[in-house]
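> For reference, the structure I am asking about is given below.
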Amino acid sequence: MGKEWFSKARFGMFIHWGIYSILARGEWIRLIERIPSREYEALSWKFKAEKYNPEEWVELAEHAGMRYMVLTTRHHDGFSLFDSEVSDFTAPKTGAKRDLVAEFVEACRKRDMRIGFYYSLLDWRYPAYFLGPEKDPEGWREFVEYVHVQVRELCTNYGRVDILWYDGGWPWKAEDWRAAELNAMVRKLQPDILINDRSGLPEDFDTPEQQIIPSKDPKRMWEACMTMNDSWGYSAGDKNWKSTRQLIHALVYCASGGGNLLLNVGPKADGTIPLSSVRRLREIGRWMKVNGESIYGSERSNLRGSAVGPVTVKDGRVYVHVLRWPGREFTVTCIKNRVLSAYILPTKQELTVIQEGERITLKGLPKRPLDPYDTVIVLELDGDLEALPLHRYVP
Ligand code: GLC
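The sequence shown begins at 3 in this note's numbering and counts up one residue at a time.
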């Protein structure tokens, strides 16, 4: 068990889904368009999740090479996809008439998919959230109590949970949320759980958003979360899709920095994932099937001796991700080890290795890249990588 699985996994699916999906302009719609609560709450009765089939989600994630999934159990709008004793604004008590989190969990478990719960601390339905603990101590206390109860429910009613993915702590501090106490409770209920850094406390891993920034401490785990277009929640008009190429490169850069990529989908209100996302995930899956070993369990390295693309490192191997095809030969540097052999990962085609001083020249490459996105070349070393610094005088 333990937590090591997270760094091995490297790739997960983020799912933003709620009653905001009906309006199809993202998950912030309630606040941005100043929708009165009555009008917004009426949406919950229209939210039927009629085509919700989480087994299909899990299959898609699995096919893409993802090893875990994080679902928005409750976003900032306060609508819970799960059954809760402290809220009537939930899927089971409105249009959908069932616990959507329970179904998600069941589907994940069937296929050994790791389970993550996104949970927003903030809830726009509470005036106290906007006023804060000083201006409204009484209201704040009640509000935070409700948050604690819901987190307890999530950690009690669904069996083993692998990740608790907080969000929305701003602008208040960890003490205001009583985060230390909250997380102690969570760990008691879920001893192996991983908790992200958004309750105001660092906990297990960092969560750079829409950017790939390895944590300063090389030992600390991190996960970049990223959208495929510019929206988390379903946004019908958002056509600014990243290409499959960009998405694969994002994954590679995360793995190369020793981090994960949590790639988002925003299902429609009925529970179906937009075709543009499905297509991309299937393409990524095709690439992962062949090249996954260069991603899963990658170790963080500071190897900077490749001009053709980033490298990932694992078990005495360096994987050069050739994003810019050099033609028949190129040179890698900054490796102290002896290179025993080199080959192209998908075809196992051996390359000629000429190692002279710090220069490792690879010859015999095909004229054109084998893969449209990223052709991976493997260097087998004589042991664990010893990287040399890039900066030095070259006579
Ligand atoms: C931000 C947004 C939120 C989204 C999250 C994902 O915090 O408020 O809508 O869920 O980022 O990282």
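Every residue gets a Cβ at the ideal spot worked out from N, C-alpha and C, and that includes glycine.
1. Among 25, 67 and 14, whose alpha-carbon lies nearest the alpha-carbon of residue 294?
2. Below 8 Å between beta carbons: does that hold for residue 116 and residue 7?
3. With 16 as the cutoff for other CB atoms within 10 Å, does residue 266 come out buried or exposed?
4. Applying the criterion that 16 or more other CB atoms from any shown protein chain within 10 Å of the CB defines a buried residue, is residue 93 buried or exposed?
5. For the candidate residues 336, 353, 348 and 363, whose alpha-carbon lies nearest to that of residue 388?
6. Tell me whether the beta-carbon of residue 349 lies closer than 8 Å to the beta-carbon of residue 285.
7. Please state if the CB of residue 184 and the CB of residue 228 are separated by a distance shorter than 8 Å.
8. Using the Cβ count rule (16 or more neighbours within 10 Å means buried), how would you classify residue 393?
9. Determine whether the beta carbon atoms of residue 219 and residue 289 lie at a separation below 8 Å.
10. Check whether the Cβ of residue 179 lies closer than 7 Å to any heavy atom of the ligand GLC, and answer yes or no.
11. Please give me, in chain order, every unbroken run of the beta strand (DSSP E) with length at least 3 that falls completely inside the stretch 103-159.
12. Which residue from 326, 45 and 380 puts its Cα closest to that of residue 341?
13. Over what stretch of residues does the beta strand (DSSP E) that includes residue 17 continue unbroken?
14. Determine the direct distance from the alpha carbon of residue 297 to that of residue 251, and round the result to whole angstroms.
15. Is the beta carbon of residue 390 closer than 8 Å to that of residue 338?
16. Here's a check: name, in chain order, each residue in its chain whose Cβ is nearer than 6 Å to the Cβ of residue 53, leaving out the five neighbours to either side.
17. How about residue 169: is its Cβ closer than 7 Å to a heavy atom in the ligand GLC?
18. Classify residue 198: buried if its beta carbon has 16 or more other beta carbons within 10 angstroms, exposed otherwise.
19. Quick one: Cα of residue 195 to Cα of residue 167, how far?
20. Alpha carbon to alpha carbon, how far is residue 314 from residue 301?
21. Please list the terminal residues of the continuous beta strand (DSSP E) segment that includes residue 364.
22. If you check the beta carbons only, do residue 152 and residue 86 fall under 8 Å apart?
23. Quick check on residue 225: buried or exposed, where buried means 16 or more other Cβ atoms within 10 Å of its Cβ?
24. What are the boundary residues of the beta strand (DSSP E) that includes residue 264?
25. Pull up the CB-CB distance for residue 216 and residue 260, whole angstroms please, since I reckon it's below 8 Å.
26. Comparing the CB of residue 256 with every heavy atom of the ligand GLC, is any distance shorter than 7 Å?
27. Can residue 211 be considered in contact with the ligand GLC, in the sense that its beta carbon sits closer than 7 Å to one or more heavy atoms?
28. In this structure, does DSSP put residue 32 in helix, strand or coil?
29. What first and last residue would you give for the beta strand (DSSP E) that runs through residue 98?
30. Could you tell me which uninterrupted alpha helix (DSSP H) segments, each at least 4 residues in length, are contained entirely in the stretch 214-278, listed from first to last along the chain?
31. Suppose the cutoff is 6 Å on Cβ atoms and the five residues either side in sequence are ignored; what does the same chain contact list for residue 308 look like?
32. Given a threshold of 16 other Cβ atoms within 10 Å of its Cβ, counted over all protein chains shown, does residue 362 qualify as buried or as exposed?
33. How would you label residue 395, buried or exposed, when you count the other beta carbons within 10 angstroms and need 16 or more for buried?
Quick look at the numbers:
1. Start at 1 with the first residue of the sequence shown, and residue 294 comes out as number 292. Comparing Cα positions, the closest option is 67.
2. As a working mapping, residue 116 is identified with position 114 in the sequence shown. As a working mapping, residue 7 is identified with position 5 in the sequence shown. A contact, by the Cβ cut-off of 8 Å.
3. For the purposes of this step, residue 266 is taken as the residue at position 264 of the sequence shown. With 16 or more Cβ atoms within 10 Å of its Cβ, residue 266 is classed as buried.
4. Taking the sequence shown and counting its residues from 1, one reaches residue 93 at position 91. Buried.
5. By one-based count along the sequence shown, residue 388 stands at place 386. Of 336, 353, 348 and 363, the residue nearest in Cα terms is 336.
6. Position 347 of the sequence shown, counting from 1, holds the residue named residue 349. Position 283 of the sequence shown, counting from 1, holds the residue named residue 285. Result no, Cβ atoms of residue 349 and residue 285 do not sit closer than 8 Å.
7. Taking the first residue of the sequence shown as 1, we reach residue 228 at position 226. Taking the first residue of the sequence shown as 1, we reach residue 184 at position 182. Result no, Cβ atoms of residue 228 and residue 184 do not sit closer than 8 Å.
8. As a first step, residue 393 must be located in the sequence shown, where it is residue number 391. So residue 393 counts as exposed.
9. As a position in the sequence shown, residue 219 is number 217, starting the count at 1. As a position in the sequence shown, residue 289 is number 287, starting the count at 1. Not closer than 8 Å, so no.
10. What you label residue 179 is simply residue 177 of the sequence shown in a count that begins at 1. Every heavy atom of the ligand GLC is 7 Å or more from the Cβ of residue 179, so no.
11. 116-122
12. Mapped onto the sequence shown, residue 341 falls at position 339. Comparing Cα positions, the closest option is 380.
13. Here residue 17 corresponds to residue number 15 of the sequence shown, with the count starting at 1. From DSSP, the beta strand (DSSP E) with residue 17 extends over 13-17.
14. Mapped onto the sequence shown, residue 251 falls at position 249. Mapped onto the sequence shown, residue 297 falls at position 295. Approximately 11 Å, taken between the alpha carbons.
15. Taking the sequence shown and counting its residues from 1, the one referred to as residue 338 is at position 336. Taking the sequence shown and counting its residues from 1, the one referred to as residue 390 is at position 388. Yes, the Cβ-Cβ distance between residue 338 and residue 390 is below 8 Å.
16. Your numbering for residue 53 matches position 51 in the sequence shown. So the qualifying residues of the chain are 272, 273 and 274.
17. The sequence position of residue 169 within the sequence shown is 167, counting from 1. Yes, the Cβ of residue 169 comes within 7 Å of a heavy atom of the ligand GLC.
18. As a working mapping, residue 198 is identified with position 196 in the sequence shown. Buried, since its Cβ has 16 or more Cβ neighbours within 10 Å.
19. Numbered from 1 along the sequence shown, position 193 holds the residue referred to as residue 195. Numbered from 1 along the sequence shown, position 165 holds the residue referred to as residue 167. Their Cα atoms are separated by approximately 10 Å.
20. As a working note, residue 314 is residue 312 in the sequence shown. As a working note, residue 301 is residue 299 in the sequence shown. Cα-Cα distance, rounded: 7 Å.
21. Along the sequence shown, read from residue 1 onward, the residue named residue 364 stands at position 362. Start and end: 361-365.
22. One-based indexing of the sequence shown puts residue 152 at position 150. One-based indexing of the sequence shown puts residue 86 at position 84. Yes; because the gap between Cβ atoms is below 8 Å, this pair is in contact.
23. Position 223 of the sequence shown, counted from the first residue, corresponds to residue 225. Residue 225 is buried by the Cβ-count criterion.
24. Residue numbering aside, residue 264 sits at position 262 when the sequence shown is read from its first letter. Residues 262-267.
25. For this step, residue 216 is matched to residue 214 along the sequence shown. For this step, residue 260 is matched to residue 258 along the sequence shown. Rounded, the Cβ-Cβ distance is 6 Å, consistent with contact.
26. The sequence position of residue 256 within the sequence shown is 254, counting from 1. No, Cβ of residue 256 sits at least 7 Å from all heavy atoms of the ligand GLC.
27. Counting from one through the sequence shown, the residue named residue 211 turns up at place 209. Within the cutoff, so yes.
28. The sequence position of residue 32 within the sequence shown is 30, counting from 1. Looking at residue 32 - three-state DSSP - the assignment turns out to be helix.
29. What you label residue 98 is simply residue 96 of the sequence shown in a count that begins at 1. Counting along the chain, residue 98 falls outside any beta strand (DSSP E), and DSSP gives it neither H nor E.
30. 246-258
31. For this step, residue 308 is matched to residue 306 along the sequence shown. Only 322 and 334 meet the Cβ criterion.
32. As a first step, residue 362 is located in the sequence shown; it is residue number 360 there, counting from the start. Buried, by the Cβ-count rule.
33. Against the sequence shown, residue 395 aligns to sequence position 393. Exposed: under 16 other Cβ atoms inside 10 Å.
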